[in-house]
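A.B. asks: In the numbering used here, the protein residues as written are 997 to 1132.
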């Protein structure tokens, strides 16, 4: 989580006050002769007691992680925040951004082989679940 915090702090303006969790999503593309799975990794920052989120997509390998531009969510631009049938968190904003991700307490070894980062965040995942319920 230390490296994820460093990446988050570098990407987000005013990162103080944000708690973070690691989330990921996988997208499957089916072609005629093959199937392709794309993994997206995120650092999701939230401020308890507010509707402020900063969602940063993480790229690279452990030890050399970088970040794409963050998606900022506030009470003013939050359109919906819900869980879908696959138990992924789905956040939509009024300006058209949509991010979906899963937050696990511990990433299983099988998923680590599929380029999902090795993260253990039992307390953080539970706290984020409680926080997310306040967004609905």
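Glycine is no exception: its CB is placed at the ideal position from the N, C-alpha and C atoms.
Sorted by chain position, which residues of the same chain lie with C-beta nearer than 7 Å to residue 1021's C-beta, five sequence neighbours on each side aside?
C.D. replies: Counting only Cβ-Cβ distances below 7 Å, and skipping sequence neighbours, we find 1036, 1084, 1096, 1097 and 1098.
A.B. asks: For residue 1081, is the classification buried or exposed, using 16 other Cβ atoms within 10 angstroms of its Cβ as the cut-off for buried?
C.D. replies: It counts as exposed.
A.B. asks: Could you round the C-beta distance between residue 1019 and residue 1042 to whole angstroms and report it? I think they count as a contact, below 8 Å.
C.D. replies: With 8 Å as the limit, residue 1019 and residue 1042 do not qualify as a contact, their Cβ atoms being about 11 Å apart.
A.B. asks: Measure the alpha-carbon distance for residue 1061 versus residue 1007 and round it to whole angstroms.
C.D. replies: Using only the alpha carbons, I get a separation of about 12 Å.
A.B. asks: Looking only at C-alpha atoms, which of 1056, 1064, 1122 and 1090 sits nearest to residue 1075?
C.D. replies: The option with the nearest alpha carbon to residue 1075 is 1090.
A.B. asks: Using the rule of at least 16 other Cβ atoms within 10 Å of the residue's Cβ for burial, across every protein chain shown, is residue 1023 buried or exposed?
C.D. replies: By the neighbour-count rule (16 or more Cβ atoms within 10 Å), residue 1023 is not buried but exposed.
A.B. asks: Would DSSP call residue 1000 helix, strand or coil?
C.D. replies: Helix.
A.B. asks: Once you ignore the five residues that flank residue 1118 on each side, which residues in its own chain have a CB closer than 6 Å to its CB?
C.D. replies: So the list reads 1101, once near-sequence residues are dropped.
A.B. asks: Would you list, in sequence order, the uninterrupted alpha helix (DSSP H) runs of no fewer than 4 residues that lie entirely inside the region 1034 to 1109?
C.D. replies: Within the region 1034 to 1109, the complete alpha helix (DSSP H) runs of at least 4 residues are 1105 to 1108.
A.B. asks: How far does the beta strand (DSSP E) with residue 1120 in it reach, from first residue to last?
C.D. replies: Unbroken run through residue 1120 is the alpha helix (DSSP H), 1118 to 1129; no beta strand (DSSP E).
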